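If you count by numbering that gives the first Met the number 0, then the sequence shown holds residues 0 to 115, one letter each, in order.
What follows is a set of notes on a single structure, which appears directly below.
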Amino acid sequence: MSWCSRRWEENMDKTFHSGNRERLYGKMKENSILLLFSGTEVRKTNDEYYPFYTDRNFLYLTGLDSREFILAARKDGAGAVEECVYILPPDPMQERWTGERRVWTAAARMGCERQL
0 MSWCSRRWEE NMDKTFHSGN RERLYGKMKE NSILLLFSGT EVRKTNDEYY PFYTDRNFLY
60 LTGLDSREFI LAARKDGAGA VEECVYILPP DPMQERWTGE RRVWTAAARM GCERQL
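Printed below as a string of structure tokens:
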């Protein structure tokens, strides 16, 4: 398999995105939270959507190129950060029309320990 035949996120080292998050967490104030939404599809007609593009900030911090994901992070008073990725569960009926949801493996590749 050549480098070009794989999805771009498979070629990225997860430390790139975790490093981006660590730099951001270092700039957050104590006792603060961060919520980032990957975005949702925009309806074009009754049965068609415009092409989906993940929010750039979400993609830069997570490397996840999927719709309707949420990154939540909380920095406590001691400076410790707890992060979690919220993911829609698989829906076989919907996936017939919209394609497979890449869920748990994608979030694990991101380097986040908690996925809900």
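Idealized CB from N, CA, C, for every residue including glycine.
These numbers were taken from a predicted model, which means no experiment stands behind them.
Inset, instruction - Would you list the residues sitting across from ALA77 in a DSSP beta bridge? - result: As a working note, residue 77 is residue 78 in the sequence shown. DSSP, once it has assigned bridges, lists no residue as partnering ALA77.
Inset, instruction - Tell me ARG42's beta-bridge partners as DSSP assigns them. - result: For this step, residue 42 is matched to residue 43 along the sequence shown. Note: ARG42 sits in a beta bridge opposite TYR48.
Inset, instruction - Check whether the segment 60-76 touches the segment 31-51, counting contact only when three or more Cβ pairs, one atom from each stretch, lie closer than 8 Å. - result: yes
Inset, instruction - For the beta strand (DSSP E) containing SER31, list its first residue and its last residue. - result: On the sequence shown, residue 31 is found 32 positions in, with the first residue counted as 1. Residues 31-36.
Legend entry - Proximity to VAL41 [Cα-Cα], best of PHE15, GLY98, ARG66 and GLU81: On the sequence shown, residue 41 is found 42 positions in, with the first residue counted as 1. When each option's Cα is compared against that of VAL41, the closest is ARG66.
Legend entry - Coil, strand or helix - LEU70 by DSSP: Residue numbering aside, residue 70 sits at position 71 when the sequence shown is read from its first letter. Here LEU70 sits in strand by DSSP.
Inset, instruction - Mind checking which residues open and close the alpha helix (DSSP H) that includes THR53? - result: Numbered from 1 along the sequence shown, position 54 holds the residue referred to as residue 53. Neither: THR53 is in no alpha helix (DSSP H) and is coded neither H nor E.
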